[in-house]
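A.B. asks: Got a structure for you, written out below as structure tokens; questions coming shortly.
Protein chains: 2
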Amino acid sequence: MDRETIAAGVQRELTVFARRVRGLPERLHRELPFVAYSMLSSISAAGGCRSVDLADLYRLDRSTVSRQVGDLERRGLVTRAGDASRGRGRRLSVTAAGRALLDEAAAARQAELARRVAAWSDEELAAFEAALRRYNAAEPD
Amino acid sequence: MDRETIAAGVQRELTVFARRVRGLPERLHRELPFVAYSMLSSISAAGGCRSVDLADLYRLDRSTVSRQVGDLERRGLVTRAGDASRGRGRRLSVTAAGRALLDEAAAARQAELARRVAAWSDEELAAFEAALRRYNAAEPD
DNA sequence: ACGACGAGTTGCACAATACAACCTTCGGAG
DNA sequence: CTCCGAAGGTTGTATTGTGCAACTCGTCGT
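These protein sequence lines are chains A and B, in that order. Position 107 (the first sequence) corresponds to 107 in the working numbering; numbering is contiguous. Position 75 (the second sequence) corresponds to 75 in the working numbering; numbering is contiguous.
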């Protein structure tokens, strides 16, 4: 089997994975869709960021982020730091409720993964992780 | 490093990949959105399959596949084999036009992948492919 | 003080999806 | 053979995530 054939296989499998992630409701915790989850977790990881930072990170339109964040706020999962009601540079931070939901979702995701790779040896899993990391680390342009 | 730590790493890397795919531009080739591309390539790879097979592969509703395939057919990229106009088990196959578009898009994707994995050995690439396939094949429930 | 710019919101449109209801055909069991 | 149930496929409807465009609001430099 030559390299091109192998590469085609990688391509196919990545596509299947990507398609599945894109589709499906992908509720991690009935109340926390994938998009909301990733934004929440990024706000948490960054220890407080602005909407525009999320837009840059995910290469999304500002309006999309605005709506998603508005939803998270309405549900009490994040707060807008500035009491300055409007304008520039409002810091977002995760509330206690948001943190709790995030933790639950992370646990659910880990459980799902554990089920999928139950039959894998530690070495196989570690190799998979290393390969994915290496792939993701490659320059995108 | 214990298994939980490794699993967390896998989770993180899969999430990074998924987020990027979500935010990425839809089109690989003007006129061929990501969704259409992946279905077309699956039809091609399977050497002719039914709509329900695509629904199973991507865990999509049959109605979604029906609309997507309808679109591909309208654009002359696939044909429905059975002259039996309606009903059960119609085989889908890729037309010459579909194949041509697919080849162009595949070449672009392969070039991108080749760049990313340029430094990988054939063995590493093959192992990556096998692990992804195994992951994707795992039962989702 | 004013004008340019950066951050955010809102209106509108669209693509992809799920769910439910329905239709069509095939393969058996009686 | 007839009828019925299961499997494949389509259509109606609602929802979600998204981009683009136009707008508002606040800040900063001159």
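Quick reminder that beta carbons are idealized off the backbone N, C-alpha and C, glycines included.
From Ala118/B to Ser63/B, what does the alpha carbon distance come to, in whole angstroms?
C.D. replies: 40 Å
A.B. asks: Is it right to say Arg50/A is buried, meaning 16 or more other beta carbons lie within 10 angstroms of its own, or is it exposed?
C.D. replies: buried
A.B. asks: Quick check on the burial criterion: 16 or more other C-beta atoms within 10 angstroms. Buried or exposed for Glu129/A?
C.D. replies: buried
A.B. asks: Taking the alpha carbon of Ser44/B as the point to measure from, which residue in Leu14/B, Leu101/B and Val10/B has its own alpha carbon closest?
C.D. replies: Leu101/B
A.B. asks: At a CB-CB cut-off below 7 Å, which residues of chain A make contact with Glu13/B?
C.D. replies: Correct list: Glu129, Leu132, Arg133 and Asn136.
A.B. asks: Could you give the DSSP three-state label for Val94/B: helix, strand or coil?
C.D. replies: strand
A.B. asks: Rounded to whole angstroms, what is the Cα-Cα separation between Val78/B and Leu14/A?
C.D. replies: 23 Å
A.B. asks: Tell me where the alpha helix (DSSP H) around Arg80/A begins and ends.
C.D. replies: Element bounds for Arg80/A: not the alpha helix (DSSP H) but the beta strand (DSSP E), Val78 to Arg80.
A.B. asks: Give the secondary structure of Leu113/A by DSSP, where H, G and I count as helix, E and B as strand, and everything else as coil.
C.D. replies: helix
A.B. asks: At the level of alpha carbons, what is the spacing between Val35/B and Thr5/B?
C.D. replies: 34 Å
A.B. asks: On the criterion of 16 or more Cβ atoms from any shown chain inside 10 Å, does Ala131/B qualify as buried, or is it exposed?
C.D. replies: buried
A.B. asks: Quick check: is the beta carbon of Ser44/B nearer than 8 Å to any beta carbon in chain A?
C.D. replies: Closer than 8 Å: no.
A.B. asks: Go ahead and pull the three-state DSSP assignment for Leu32/B.
C.D. replies: strand
A.B. asks: Starting from Val16/B, find everything on chain A with Cβ-Cβ shorter than 7 Å and list it in chain order.
C.D. replies: Asn136
A.B. asks: Report, in whole angstroms, the separation of the C-beta atoms of Ala96/A and Arg90/A, which I expect to be a contact under 8 Å.
C.D. replies: At roughly 20 Å, the Cβ-Cβ gap does not stay under 8 Å, so Ala96/A and Arg90/A are not in contact.
A.B. asks: Checking 8 Å against the spacing of the C-beta atoms, do Leu72/A and Leu113/A come in under that value?
C.D. replies: no
A.B. asks: Quick check on the burial criterion: 16 or more other C-beta atoms within 10 angstroms. Buried or exposed for Gly47/A?
C.D. replies: exposed
A.B. asks: Measure from the C-beta of Gln110/B to each C-beta in chain A and report whether the shortest distance is under 8 Å.
C.D. replies: Yes - at least one Cβ of chain A is within 8 Å of the one on Gln110/B.
A.B. asks: Quick check: is the beta carbon of Arg3/A nearer than 8 Å to any beta carbon in chain B?
C.D. replies: yes
A.B. asks: Give a yes or no on whether the minimum CB-CB distance between Leu57/B and chain A is below 8 Å.
C.D. replies: yes
A.B. asks: Kindly list the residues whose CB is nearer than 7 Å to the CB of Leu32/A, restricted to its own chain and excluding five residues on each side of it in sequence; keep chain order.
C.D. replies: Leu101 and Ala105
A.B. asks: Quick one: using the 10 Å Cβ neighbour count with 16 as the cut-off for buried, is Ser38/B buried or exposed?
C.D. replies: Buried is the label assigned to Ser38/B, since at least 16 other Cβ atoms lie within 10 Å of its Cβ.
A.B. asks: Would Ala111/A and Val21/B qualify as a contact pair, given that the criterion is a beta-carbon distance under 8 Å?
C.D. replies: no
A.B. asks: Checking contacts by CB at 8 Å: is Gly76/A closer than that to chain B?
C.D. replies: no
A.B. asks: At 7 Å on the CB atoms, spell out the chain A contacts of Ser38/B, in chain order.
C.D. replies: Identification of chain A residues near Ser38/B by a Cβ-Cβ cut-off of 7 Å yields Thr15 and Arg19, ordered along the chain.
A.B. asks: Among Val65/A, Asp2/A, Asp56/A and Gly98/A, which residue has its Cα nearest to the Cα of Arg142/A?
C.D. replies: This structure leaves residue 142/A out entirely; chain A is present only between 1 and 141.
A.B. asks: Below 8 Å on the Cβ atoms is my guess for Leu57/B versus Val16/A; work out the distance and round it to an integer in Å.
C.D. replies: 7 Å
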